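K.L.:
Encoded as structure tokens, here's the structure I'll be asking about.
Below, the structure written as structure tokens:
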């Protein structure tokens, strides 16, 4: 079911069940497609602890729309964000529903099915079928008296995606099964009040963060993602992990994606760090986000880090060297004593280089994306 790659990480290369009969993970590691099958009925932990979500983000160089449908067991979260890059502004509006315990019926695979929610204020629908994803959202009184509507079609899914199965050493029933699909093509539009904006396939990109798992109570994670066109070098003939299409080679323009993360669970089997060049994955090793520090012992993230100063992102193999320049800090914070969530999703741009599998140094310039630090106690 798995093999060791050149850096000693476990690569899942055969299909099979995600869980053993006793509820432990069958094979911690990473893959480039959703090979292991998740079934909620095979989770042995309490329903209070099962957490399932679909998160989509669509952006061009002017706006981004983020949609979240999340079943956290004791609470359901339905959230929409609109980010205005030109104005360095954002608006997030959310609805919380108590004790869903699986009532959202989120699909057990990212490849097909419908994720949906509707009440008197908000309606969200994500439909995946035949290699396409249709997103629809209506949010009444999204921003004051202004309603928001959004519809988009995502297609041209890349050949490779980031998939990781992560356990926790301190709890054998805790796990996180996650897929990130980065740099899909988008066509669609949103309307907020009198503002109407269209996402055109030639310059718009979409991503999916699909997560299913059982988490321990107190976790901090770091996640960065970017997507867009990049003008890379003409490709050298080399390993399969860095194949570029003939059309992209000739024009020097490549559909590029980036996924970096760390911070929770037992990641000794694998990290989730990958770059994607024209849909082909380039696996990277361990990374550090290099966020400027304020106070290491501070309780709140904003007191611990200088989030709006440049971050210097590097890896342990000398293949990643990026400066992330922040522009917008999208903040969500709540503290109900027993439940706390401190979230900073910082939007900005990436500049630097990543070394591909064949040794090609691929330049990254002005890549639109986000980098986040999130601390949840739940």
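In the working numbering, the protein residues as written are 206 to 583. Ideal placement from N, C-alpha and C gives every residue a C-beta, glycine not left out. Since this is a predicted model, take the numbers as computed values, not measurements.
1. Note down the Cα distance separating residue 411 from residue 337, rounded to an integer number of angstroms.
2. I want to know whether the region 493 to 508 touches the region 403 to 421 - three or more CB-CB distances under 8 Å.
3. Between which two residues does the beta strand (DSSP E) containing residue 585 stretch?
4. With C-beta atoms as the reference, is residue 459 less than 9 Å away from residue 507?
5. Quick one: what's got a C-beta closer than 7 Å to residue 505's C-beta in the same chain, skipping five residues either side?
6. Between which residues of its own chain and residue 230 is the CB-CB distance below 6 Å, once the five residues before and five after are set aside?
7. Three-state secondary structure (DSSP) at residue 499?
8. Along the chain, where does the alpha helix (DSSP H) containing residue 507 start, and where does it finish?
9. Look at residue 321 and residue 274 and say whether their C-beta atoms are less than 9 Å apart.
10. If you compare alpha carbons, which of 280, 342, 256, 348 is closest to residue 356?
11. Does the distance from the C-beta atom of residue 424 to that of residue 466 stay below 9 Å?
12. Give me, in chain order, the residues of the same chain whose beta-carbon lies closer than 6 Å to that of residue 544; leave out the 5 immediate sequence neighbours on both sides.
13. Using DSSP with H/G/I as helix, E/B as strand and the rest coil, what is residue 588?
14. Please name the residue, chosen from 228, 264, 288, 254, that lies closest to residue 533 on a Cα-to-Cα basis.
15. Quick one: Cα of residue 352 to Cα of residue 328, how far?
16. My guess is that residue 360 and residue 390 are in contact by the Cβ rule of under 8 Å, so how many angstroms apart are they, rounded?
17. When you compare each of 561, 565, 554, 577 to residue 493 by their alpha carbons, which one comes out closest?
18. Does any CB atom of chain C fall closer than 9 Å to the CB of residue 250?
19. Can you list, in chain order, the residues of its chain whose CB lies under 6 Å from that of residue 317, leaving out five sequence neighbours each side?
20. Quick one: grab the DSSP three-state call for residue 666.
21. Could you pull the start and end residues of the beta strand (DSSP E) that residue 533 belongs to?
22. Ordered along the chain, which non-local residues of its own chain (more than five positions away) have a Cβ less than 6 Å from that of residue 296?
23. Leaving aside the five residues before and after residue 312 along the sequence, list all residues of the same chain whose C-beta is less than 8 Å from its C-beta, in chain order.
P.N.:
In short, the structure shows the following:
1. 12 Å
2. no
3. Missing from the structure shown is residue 585; the chain here goes from 206 to 583 and no further.
4. no
5. 547
6. 370, 372, 380
7. coil
8. 506 to 509
9. yes
10. 342
11. no
12. 583
13. This structure cannot settle anything about residue 588, because the visible part of the chain is limited to 206 through 583.
14. 288
15. 12 Å
16. 6 Å
17. 577
18. Looking at the structure shown, chain C is missing, and only one protein chain is on hand.
19. 333, 334
20. Summary: the structure shown does not reach residue 666, with the chain confined to residues 206 through 583, and so no result is reported for it.
21. 525 to 540
22. 287, 348
23. 318, 319, 320, 333
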